[in-house]
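Colleague:
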Amino acid sequence: MERTPRPAIWADVPNEQWDDWRWQLAHRLNSVDELAQIIHLTPEEIEGLTAENKFRVDITPYFASLIDPDDPRCPVRRQVIPLGRELEAFEGMMEDSLAEDKHSPVPGLVHRYPDRVLMLVTTQCASYCRYCTRSRIVGNPGANFSRAEFELQLDYLRRTPQVRDVLLSGGDPLTLAPKLLEYILSSLRAI
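Take my numbering: the last position of the sequence shown gets the number 181, and nothing is skipped along the way.
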């Protein structure tokens, strides 16, 4: 498989590390100084990155390597780098735009359709997208779901036999510790 060229700051990183998701998470970029080492930032991007009440910004080195450093309209770049104009207040900003809370019988479980549920299992992502419909909850390390909340979700599913599909989401479920993800999956399989 052909590798994406890496920016110079990661040229010496061994492939074993570069390909390790834990290394990627540990080396995420989130400041103007870090991003300016690989991307020619525009004034509007700098404004978005330095704002006090900005959306969470974390970009893995691999994801950053996909960004065209010279094109401010690069779709990959626009996905993760905020612009200053994003900070302008608009009606409903940071509210529950999909009305998930209204359809939540227990914390972290959205039951909008009769036979399927959305099970939110984490608030963390490897990289945070500008268009995320859960910007109000993702990215806060102290706001993850507890084991007790998982048990409430699982108990609800045990009592609701019409549910046949469970979609794991959050955040990104693959950022969970493998043992916790296996616990959730095996508990779901047991139902």
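All C-beta atoms in this analysis are idealised placements derived from N, C-alpha and C, irrespective of residue type, glycine included.
Who pairs with Tyr103 in a beta bridge, going by DSSP?
Modeller: As a first step, residue 103 must be located in the sequence shown, where it is residue number 113. Answer is Arg106.
Colleague: What do you reckon, are the CB atoms on Leu56 and Thr150 nearer than 8 Å?
Modeller: Along the sequence shown, one-based indexing puts residue 56 at 66. Along the sequence shown, one-based indexing puts residue 150 at 160. Cβ distance not < 8 Å, so Leu56 and Thr150 don't count as in contact.
Colleague: Taking just the CA atoms, how far does Glu90 sit from Leu110?
Modeller: Against the sequence shown, residue 110 aligns to sequence position 120. Against the sequence shown, residue 90 aligns to sequence position 100. Approximately 11 Å, taken between the alpha carbons.
Colleague: Expressed to the nearest angstrom, what Euclidean distance is found between the alpha-carbon atoms of Ser94 and Val153?
Modeller: Here residue 94 refers to the residue found at position 104 of the sequence shown. Here residue 153 refers to the residue found at position 163 of the sequence shown. Roughly 14 Å separates the two Cα atoms.
Colleague: In three-state DSSP terms, what is Leu73?
Modeller: Indexing the sequence shown from 1 puts residue 73 at position 83. Residue state, collapsed to three classes: coil.
Colleague: At which residues does the alpha helix (DSSP H) containing Asp23 begin and terminate?
Modeller: Looking up residue 23 in the sequence shown gives position 33. Residues Val22 to Ala26.
Colleague: What is the residue span of the alpha helix (DSSP H) that Ser177 lies within?
Modeller: Along the sequence shown, read from residue 1 onward, the residue named residue 177 stands at position 187. Pro168 to Ala180 is the extent of the alpha helix (DSSP H) around Ser177.
Colleague: Exposed or buried, which one is Pro72 when buried takes at least 16 other CB atoms within 10 Å?
Modeller: Position 82 of the sequence shown, counted from the start, is the residue given in the question as residue 72. So Pro72 counts as buried.
Colleague: Inspect the beta-carbon positions of Phe45 and Arg137 and report whether they are closer than 8 Å.
Modeller: Locating residue 45 in the sequence shown gives position 55, where the first residue counts as 1. Locating residue 137 in the sequence shown gives position 147, where the first residue counts as 1. No, Cβ-Cβ distance for Phe45 and Arg137 is not below 8 Å.
Colleague: Just the C-alpha distance for Asp105 and Ile49, rounded to the nearest angstrom, thanks.
Modeller: For the purposes of this step, residue 105 is taken as the residue at position 115 of the sequence shown. For the purposes of this step, residue 49 is taken as the residue at position 59 of the sequence shown. Looking at the two C-alpha atoms, the distance is approximately 35 Å.
Colleague: Identify which residue in Thr112, Cys115, Val156 and Ala54 has its Cα closest to the Cα of Arg102.
Modeller: As a first step, residue 102 must be located in the sequence shown, where it is residue number 112. The option with the nearest alpha carbon to Arg102 is Val156.
Colleague: Verify whether the separation of the beta carbon atoms of Pro(-3) and Ala41 is less than 8 Å.
Modeller: Reading the sequence shown from its first residue, position 7 is the one you call residue -3. Reading the sequence shown from its first residue, position 51 is the one you call residue 41. No, these two residues do not count as a Cβ contact at 8 Å.
Colleague: Quick check on DSSP: helix, strand or coil for Val3?
Modeller: Against the sequence shown, residue 3 aligns to sequence position 13. Three-state DSSP puts Val3 in coil, outside helix and strand.
Colleague: Identify whether Leu164 lies in helix, strand or coil by the three-state DSSP scheme.
Modeller: In the sequence shown, the residue the question calls residue 164 occupies position 174. Here Leu164 sits in helix by DSSP.
Colleague: Just to confirm before moving on: does the CB-CB distance between Ile36 and Pro59 stay below 8 Å?
Modeller: Against the sequence shown, residue 36 aligns to sequence position 46. Against the sequence shown, residue 59 aligns to sequence position 69. For Ile36 and Pro59, no; Cβs fall outside 8 Å.
Colleague: Taking C-beta to C-beta, are Thr123 and Pro163 nearer than 8 Å?
Modeller: Taking the sequence shown and counting its residues from 1, one reaches residue 123 at position 133. Taking the sequence shown and counting its residues from 1, one reaches residue 163 at position 173. Result no, Cβ atoms of Thr123 and Pro163 do not sit closer than 8 Å.
Colleague: Let me check one thing: in DSSP terms, what residues is Ile29 bridge-paired to?
Modeller: Translated into positions along the sequence shown, residue 29 becomes position 39. The partner list for Ile29 (beta bridge, DSSP) is empty, contrary to what the question assumes.
Colleague: Could you work out which residue in Leu171, Gly38 and Ser159 is closest to Ile99 when comparing CA atoms only?
Modeller: Walking along the sequence shown from the start, residue 99 turns up at place 109. Residue 99 is actually Leu in this sequence, not Ile. Of the listed residues, the one whose Cα sits closest to Leu99 is Ser159.
Colleague: Between which two residues does the beta strand (DSSP E) containing Asp155 stretch?
Modeller: For the purposes of this step, residue 155 is identified with residue 165 of the sequence shown, where counting begins at 1. Residues Asp155 to Ser159.
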